[in-house]
Amino acid sequence: MYETYVTITGRLVADPETRTTRAGQVFTTFRLATSERRRTRDGVFEDGPTSFYNVAAYRALGVNTRTALHKGEPVVVVGRQRVRQYQRSDESYGTSVEVEAMHVGHDLLWGQTVFSRPVRDESDVVEAGFGGEGAVPGVGLVDRLSGEIGDARHEHEGSGPEGEDEQEVLEEPVARSA
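Written as structure tokens, this is what we have:
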């Protein structure tokens, strides 16, 4: 059947939460609130009714969403919309709108953010020299300092301890809106 794709801008109601499906798949959920802004005849802006969406992000998107987003931050979500009917404990019925996210990011209309790639732990490297699950065969790890792609099967080649060049290693910034 046909699927409905939506793009929603709004703010997080709470920090994202990590959950696990019955099958053991980890994913991240968050609630998004969005209000229509209208200009009155007097030229004053007013908030219209607020809509709430339950958003779920799976796999790498879920991991990155959990670490990058926080309560109150403005975000843009693109995903598949599903409307779900449910029965409450008092026997009444309710409806919730859910979005399975395909893309999530900060809304840069309201601030700035810093992008950083996730850092792989050396324990993610398998014996064959490739990255963990989902890695592309034949492509090595990316060096955080130089951006060069290396071969995960070889030792570090620098002159410092554990093969690193003797220079200060700076932590990468975490994505946050300003």
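If you use the working numbering, the sequence shown corresponds to residues 1411 to 1588, in order. Ideal Cβ placement from N, Cα and C applies to all residues, glycine included.
For V1473, which of helix, strand or coil comes out of DSSP? In the three-state reduction of the DSSP assignment, V1473 falls in the helix class, which pools H, G and I.
Q. Identify the residues that DSSP records as bridge partners of H1513: which are they?
A. DSSP, once it has assigned bridges, lists V1488 as partnering H1513.
* Rounded straight-line distance, which links the Cα of E1446 to that of F1462 -> F1462 and E1446: Cα-Cα distance of roughly 12 Å.
What's the C-alpha gap between D1425 and T1439? Cα-Cα distance, rounded: 9 Å.
Assign L1519 to one of two classes, buried (16 or more other C-beta atoms within 10 Å of its C-beta) or exposed (fewer than that).
-> Residue burial is scored here from C-beta neighbours: L1519 has fewer than 16 other C-beta atoms within 10 angstroms and is therefore classed as exposed.
Item to complete: Indicate whether L1442 and V1416 have their beta-carbon atoms separated by less than 8 Å.
Response: Pairing L1442 with V1416 gives a Cβ-Cβ distance that is not under 8 Å.
Just how far apart, CA to CA, sit R1448 and V1485? Spanning the alpha carbons of R1448 and V1485 requires a straight line of approximately 20 Å.
_Between S1499, A1478 and T1414, which has its C-alpha nearest R1527's C-alpha?_
Sorting S1499, A1478 and T1414 by C-alpha distance to the C-alpha of R1527 places A1478 at the top.
task: Give the DSSP-derived three-state secondary structure of A1478 in the structure shown.
output: A1478: helix per DSSP, three-state reduction.
How is the beta strand (DSSP E) around Y1412 delimited, first residue to last? Under the DSSP assignment, Y1412 falls outside any beta strand (DSSP E); it carries neither an H nor an E label.
Put P1459 into one of helix, strand or coil per three-state DSSP.
Looking at P1459 - three-state DSSP - the assignment turns out to be strand.
Per-residue DSSP class, three states only, for V1436: V1436 falls in the strand class under three-state DSSP.
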